[in-house]
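Participant:
There are 2 protein chains.
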Amino acid sequence: MKNVTATQAKLLAPMGQFVLANGLQNASLRPLAKAAGTSDRMLIYHFGSKDALLAAIMRCIADQMTAGLTATFAGQERMTAADLLRRVWEIAQTPATRPVMRVWLELTSMAARDGGATQDIAMGIADGFLAWTQVHLKDPELASLVLTHFEGLLVMQEAGRADIAEQSVVALSKSLGDS
Amino acid sequence: MKNVTATQAKLLAPMGQFVLANGLQNASLRPLAKAAGTSDRMLIYHFGSKDALLAAIMRCIADQMTAGLTATFAGQERMTAADLLRRVWEIAQTPATRPVMRVWLELTSMAARDGGATQDIAMGIADGFLAWTQVHLKDPELASLVLTHFEGLLVMQEAGRADIAEQSVVALSKSLGDS
DNA sequence: TCAAAAATGTAGCATTCGCTACATTTACGA
DNA sequence: TCGTAAATGTAGCGAATGCTACATTTTTGA
Numbered sequence: 005m006k007n008v009t010a011t012q013a014k015l016l017a018p019m020g021q022f023v024l025a026n027g028l029q030n031a032s033l034r035p036l037a038k039a040a041g042t043s044d045r046m047l048i049y050h051f052g053s054k055d056a057l058l059a060a061i062m063r064c065i066a067d068q069m070t071a072g073l074t075a076t077f078a079g080q081e082r083m084t085a086a087d088l089l090r091r092v093w094e095i096a097q098t099p100a101t102r103p104v105m106r107v108w109l110e111l112t113s114m115a116a117r118d119g120g121a122t123q124d125i126a127m128g129i130a131d132g133f134l135a136w137t138q139v140h141l142k143d144p145e146l147a148s149l150v151l152t153h154f155e156g157l158l159v160m161q162e163a164g165r166a167d168i169a170e171q172s173v174v175a176l177s178k179s180l181g182d183s
Numbered sequence: 005m006k007n008v009t010a011t012q013a014k015l016l017a018p019m020g021q022f023v024l025a026n027g028l029q030n031a032s033l034r035p036l037a038k039a040a041g042t043s044d045r046m047l048i049y050h051f052g053s054k055d056a057l058l059a060a061i062m063r064c065i066a067d068q069m070t071a072g073l074t075a076t077f078a079g080q081e082r083m084t085a086a087d088l089l090r091r092v093w094e095i096a097q098t099p100a101t102r103p104v105m106r107v108w109l110e111l112t113s114m115a116a117r118d119g120g121a122t123q124d125i126a127m128g129i130a131d132g133f134l135a136w137t138q139v140h141l142k143d144p145e146l147a148s149l150v151l152t153h154f155e156g157l158l159v160m161q162e163a164g165r166a167d168i169a170e171q172s173v174v175a176l177s178k179s180l181g182d183s
């Protein structure tokens, strides 16, 4: 965790869990404080404002996720685009990962409206995703394609049409070949 | 507008505009009522509850959008997957259409959390999109691919990385050829 | 050791939320 | 015309929101 005091880090972990379980939407100060074993009073004291707090929580979640990704894909660079997409898509459906993807979608739709700091966070995470994808592809040129399509898979899944997502993975794999 | 009384329809139009401008997030009863020239009291009276009201608003917006889409693409069936994606993507960036896409993303991330009625609405809209896509494709098998990738484009755009989206359109077009 | 600073508890403020009770007005059918 | 039902206004309830004022405790450094 970067730019975060030890005290803040200790609070952020359980709050991150809370947000993953309940969404940014329901992340108001009092429930967050309860999850972290403190009070709304202290959250403002330590983070300054709710906006700053949410920003810190999101960065915390993002860090965990990229750390987890790099761990499970250690030494698996230079994969086929189709293979990488399918592997990442499988992981995204995991009970452990799906809440993270949900929050990520929630963040983007929030960033779309209020821009500014929220969008900066979203852009940072997107950049991290892209860089990570490039590292694991045989042809890094295809990173934006794989990443973008993956985001589409998330949307279709959360819209309740995981079947469409699945079909699209098959179709894309077919048209990509083994590049 | 289906299953909606004349009175409701007259209220829904300006409320739809309000939601497009301010998001579902900020769509609370009093502002909505003000936009529609009535009172929160009357909104509950006419629609029963806020949930029912939001459902009606979303269906209203979805109807407008599919009507607009079929209008601008009249007589343009059997397009290449790459062509259709590019055309739809251009339209999605239009100042008139982008708010609609934003609300659509907002809806999916909301549906992801509270499921039930919200997800039913999202599924209905997604089905409508898929059917519309199939009609306009030379190869309807590619509908799920085009639709899913389009959703990905939306996410990347709202995350502030429209450049990645653009690259992915180019890459996908290349790998799709003229099918 | 002791004063200054950091950390925490208690209580509340002002606002907004969805929703409702109650009263009143308007419109329509017999 | 008149009684009934639909429609609307007024006022407010109870809960939740982010945040703050004030007092108190705990820690720290000289």
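Protein sequence lines correspond, in order, to chains R and V.
With the numbering used here as the guide, the letters of the first sequence map in order to residues 5 to 183.
With the numbering used here as the guide, the letters of the second sequence map in order to residues 5 to 183.
Idealized CB from N, CA, C, for every residue including glycine.
#1: So, does the segment 126-144 of chain V touch the segment 117-125 of chain R, judging by three or more C-beta pairs under 8 Å?
#2: Taking any Cβ of chain R, which residues in the segment 141-164 of chain V have a Cβ under 9 Å from it, in chain order?
#3: For the candidate residues V/63, V/78 and V/121, whose alpha-carbon lies nearest to that of residue 107 of chain V?
#4: Is it true that the CB of residue 112 of chain V sits closer than 9 Å to the CB of residue 162 of chain R?
#5: Any residues in the segment 103-122 of chain R with a beta carbon nearer than 7 Å to a beta carbon of chain V? Which ones, in chain order?
#6: In or out: residue 103 of chain V buried (at least 16 other Cβ within 10 Å) or exposed?
#7: With a cut-off of 8 Å on the beta carbons, I'd call residue 40 of chain V and residue 18 of chain V a contact; round off their distance for me.
#8: What's the call for residue 32 of chain V, buried or exposed, on a 16-neighbour Cβ count within 10 Å?
#9: Since I believe residue 150 of chain V is in contact with residue 58 of chain V (beta carbons under 8 Å), could you give me their beta-carbon distance rounded to a whole number of angstroms?
#10: Verify the CB distance criterion: does residue 180 of chain V have a CB-CB separation below 9 Å to chain R?
#11: Identify, in the order they occur along the chain, each residue of the same chain with its Cβ nearer than 8 Å to the Cβ of residue 29 of chain V, setting aside the five sequence neighbours on each side.
#12: Assuming residue 21 of chain R contacts residue 60 of chain R under a Cβ cut-off of 8 Å, what Cβ separation, rounded to an integer in Å, is found between them?
#13: Assuming residue 53 of chain R is part of the alpha helix (DSSP H), what are its boundary residues?
#14: If distances are taken between C-alpha atoms only, which option among R/35, R/56 and R/74 comes closest to residue 133 of chain R?
#15: Could you confirm whether any beta carbon from chain V is found closer than 9 Å to the beta carbon of residue 183 of chain R?
#16: For the segment 17-47 of chain V, which residues have a beta carbon sitting closer than 7 Å to at least one beta carbon of chain R?
#17: Consider the Cβ of residue 56 of chain R: report whether some Cβ of chain V lies at a distance smaller than 9 Å.
#18: Determine, for residue 87 of chain R, whether the minimum Cβ-Cβ distance to residues of chain V falls below 9 Å.
#19: Let me confirm a value: residue 85 of chain V is counted as buried when at least 16 other C-beta atoms fall within 10 Å, else exposed. Which label applies?
#20: Note down, in chain order, every chain V residue with its Cβ under 7 Å from the Cβ of residue 169 of chain R.
#21: May I have the straight-line CA-CA distance separating residue 23 of chain R from residue 68 of chain R, to the nearest angstrom?
Facilitator: This is what the structure holds:
#1: Taking 8 Å as the limit for Cβ pairs, the verdict is that the segment 117-125 of chain R does not touch the segment 126-144 of chain V.
#2: Residues 145, 146, 147, 148, 149, 150, 151, 152, 153, 154, 155, 156, 157, 158, 159, 160, 161, 162, 163 and 164.
#3: Selected option, being the one with the closest Cα: V/63.
#4: Less than 9 Å separates the beta-carbon of residue 162 of chain R from that of residue 112 of chain V.
#5: For the segment 103-122 of chain R, residues whose beta-carbon sits nearer than 7 Å to a beta-carbon of chain V comprise 106, 109, 110, 112, 113, 115, 116 and 117.
#6: Of the residues assessed, residue 103 of chain V falls on the buried side of the cut-off, its CB having 16 or more other CB atoms within 10 angstroms.
#7: That pair is a contact at about 5 Å.
#8: Result: exposed.
#9: Going by Cβ atoms, the distance from residue 58 of chain V to residue 150 of chain V rounds to 29 Å, so no, they are not a contact pair.
#10: Interface residue, yes.
#11: Apart from sequence neighbours up to five positions away, the residues of its chain that approach residue 29 of chain V with a beta-carbon distance below 8 Å are 110, ordered along the chain.
#12: At roughly 14 Å, the Cβ-Cβ gap does not stay under 8 Å, so residue 21 of chain R and residue 60 of chain R are not in contact.
#13: No alpha helix (DSSP H) contains residue 53 of chain R, which DSSP labels as neither H nor E.
#14: The residue among R/35, R/56 and R/74 with its C-alpha nearest the C-alpha of residue 133 of chain R is R/74.
#15: Put simply, the CB of residue 183 of chain R is near chain V, with a gap under 9 Å to one of its CB atoms.
#16: Answer in chain order: 27 and 29.
#17: By this cut-off, residue 56 of chain R is not an interface position.
#18: Output row for residue 87 of chain R: interface = no.
#19: Flag for residue 85 of chain V reads buried.
#20: In chain order: 152.
#21: For residue 23 of chain R and residue 68 of chain R, the distance between alpha carbons rounds to 13 Å.
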